[in-house]
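Since the structure comes first, as structure tokens, the remarks are kept for the end.
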Amino acid sequence: MHTGNADTKPTMMQYTNLVGCCLAVLLILLTAAPLSAASIKSLDNLGRNLYANEIKERSARRMESFAALQSSLDSLNTGQEISSVVQINKALSLVEQSRQLQRKAGEDLTALSGYITANRMKLEAEGLDSFLPLAELDDKTSRQYEESLRLYLAAYKALLEYSRDNILPLRVGRQPEQGQYEALYNGYVTAANKLGEVDAERFGFVADFVREHPDLAPYVKK
2 MHTGNADTKP TMMQYTNLVG CCLAVLLILL TAAPLSAASI KSLDNLGRNL YANEIKERSA
62 RRMESFAALQ SSLDSLNTGQ EISSVVQINK ALSLVEQSRQ LQRKAGEDLT ALSGYITANR
122 MKLEAEGLDS FLPLAELDDK TSRQYEESLR LYLAAYKALL EYSRDNILPL RVGRQPEQGQ
182 YEALYNGYVT AANKLGEVDA ERFGFVADFV REHPDLAPYV KK
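Here's what the structure looks like:
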């Protein structure tokens, strides 16, 4: 026979009753403290802010990458004569840098447009439909500019590489090297002129976009 303060283990019935009491207390606490209207509104605003901040961040990345691309192109197109291997190699480095920056700018624009398009219904439900026109930046004009710039950089690269590899024959005007150089140069000029035309169209599109959507100007250009 066991007496005194001997250890005893709770029976299954006692354990079940204890758990039931805890659940009952928890239920009472939950029903006694419902979410306030302010709390619900705060949650709604959180979702709205998440969408808005994502769009703003993607817009900022797009503008930064495009500004970097323009800076690289400006460094490439200084109008200075390129007549030495050192100068040619420097120009080739800028061409490659511009190609990489163009790729990044295109990816950032697609990321912005894609996000807005994929979340269109959610943005409308959150009252953020004013951001929807930003998806229009990735349009036919933008794609034409990207293609024209790609062809321009390719033509410039081909001209520079040929000039570097045949610099001595070209200095004395030897054929057939001189003829091939002139063909590459004409291709470069054609690509440059086409890029200028398309860039003017792109500039006009952006200007019209800002006039039509002035509130979105901070997300289009700096």
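Using the working numbering, read the sequence shown as starting at 2 and increasing by one per residue.
From the three backbone atoms N, C-alpha and C, an ideal C-beta is built for every residue, glycine too.
A residue is called buried once 16 or more other Cβ atoms fall within 10 Å of its Cβ, and F204, having fewer, is exposed. Runs of the alpha helix (DSSP H) spanning 4 or more residues and lying entirely within the stretch 114-149 occur at 121-126, in chain order. Non-local C-beta neighbours of S76 in its own chain, meaning closer than 8 Å and more than five positions away in sequence, comprise L95, ordered along the chain. Pairwise C-beta distances place the stretch 126-140 out of contact with the stretch 164-184, as fewer than three of them are shorter than 8 Å.
Pairing V221 with F206 gives a Cβ-Cβ distance that is not under 8 Å. Exposure of R212 is indicated by the presence of fewer than 16 other C-beta atoms within 10 angstroms of its C-beta. Taking a cut-off of 8 Å for Cβ pairs, the stretch 144-155 and the stretch 189-204 touch, as three or more such pairs fall below it. Ranked by Cα distance from L196, the options S114, L150, L110 and Q181 are led by L150. Taking a contact as a CB-CB distance under 8 Å, the pair A92 and L161 counts as one, their CB atoms being some 6 Å apart. Each of G107, Q101, V86 and L171 was checked against the Cα of R63, and the nearest Cα belongs to G107.
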